[in-house]
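Okay, structure first, notes after.
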Amino acid sequence: MNEENKLEDSSLFEEESDFIKKFGQYANKPLSSEEFHKLMRDMRDFYEQKLITSLKGKKKISISYLQRTFGYGFSLSKRIFDSLVGELISSDGTVLQDKVDAYLGNTDVKHIKIIFLDVDGVLNCHSTKDRVGEYTGIDDKKVSLLKEIVDKTLAKIVLVSSWKNFWFKEKELKTKQDEFANRLDEKLAKQGLVIVDKTEDTIPARRGEGILHYIEEQARNNIIVDKYVILDDETWDYTFEHIAHHLVQSSYYQNGLEDKHIRKAIEKLC
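So for the sequence shown, my numbering puts the first residue at 35; every next one is plus one.
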């Protein structure tokens with residue numbers, strides 16, 4: 035990335051508060067040739083770091099991603115994309131997270147596997163006897179099947195179900211949980227299982243978007259989700275978000291979670 039390209043869109047610089055803090059002092063200052071070239075190098079390094087940091091947690095990028103995110107024109111975005119191939123991304127744009135981590139100096143990166151868990155139609159079904167008020171509760175046999183996946187893959191459980199609305203991971207908020215969240219914690223705890231977190235959705239129908247945002251957020255905290263599976267009885271936006279291949283779909287009306295689903299989930303996580 036040459037110095038001319040770095041200055042191609044000066045309006046971007048004006049919009050970046052962190053850029054202004056770092057380089058604003060030079061705005062009206064006469065510079066010698068040596069000072070000017072040093073400033074150009076510093077600006078180049080600043081934007082290279084910003085660009086590479088943006089790759090953290092991304093599964094894949096494209097030329098249009100660079101255009102949208104940084105406001106670069108097509109030709110510059112293509113040159114940047116081509117320069118990243120083999121270094122930090124593959125030719126199809128797949129981000130090489132290990133190389134990104136190495137570049138950014140993240141040596142304490144943690145790698146995990148996740149089960150993104152729905153409840154209704156997974157941990158219960160039409161024949162479940164347990165009740166939470168007048169609603170279907172949790173089937174212990176289904177929880178036992180979930181435990182099989184955890185025991186064989188060491189995957190963490192993250193809640194995507196609507197049961198998450200009043201479920202909290204923070205101990206100090208547990209007293210604020212509703213009876214559904216309490217029953218879920220209770221049933222899983224009896225078999226040595228624990229939910230570590232939940233996703234956040236912009237709207238209920240966008241569970242897939244919530245999953246992707248969760249994975250990206252973990253990456254920003256140096257936690258890389260190597261593999262994951264979605265246990266759900268609905269397809270939501272999973273196809274739209276291109277993550278349907280991670281879905282193991284059960285059915286509320288066909289016994290919920292079954293042995294065949296466990297085999298598929300373990301295959302996806304191993």
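Glycine residues also receive a C-beta, built at the ideal position from the N, C-alpha and C atoms.
Here residue 256 is actually not in contact with residue 133; their C-beta atoms are around 15 Å apart, not less than 8 Å.
For residue 137, the enclosing alpha helix (DSSP H) starts and ends at 131–138. Segment contact: the region 184–195 against the region 214–230, three or more CB-CB distances shorter than 8 Å; contact assigned. DSSP places residue 283 in no alpha helix (DSSP H) but in the uninterrupted beta strand (DSSP E) bounded by 281–283.
Burial of residue 243 is indicated by the presence of at least 16 other C-beta atoms within 10 angstroms of its C-beta. Inter-residue distance for residue 271 and residue 237 is about 11 Å (C-alpha atoms, whole angstroms). In the structure shown, residue 240 adopts coil according to DSSP, grouped into three states. With contacts defined as CB atoms closer than 8 Å, residue 123 and residue 97 fail to qualify as a contacting pair. The DSSP assignment places 190–193 and 229–232 as complete runs of the beta strand (DSSP E) inside the region 170–246, in order along the chain (cut-off: 3 residues).
The C-beta separation of residue 155 from residue 267 comes to about 3 Å, placing the pair in contact by the 8 Å criterion.
Between residue 280 and residue 263, the C-beta spacing is below 8 Å. Around residue 111, the same chain offers 97, 100 and 101 as residues with beta carbons nearer than 7 Å, after the five sequence neighbours per side are excluded.
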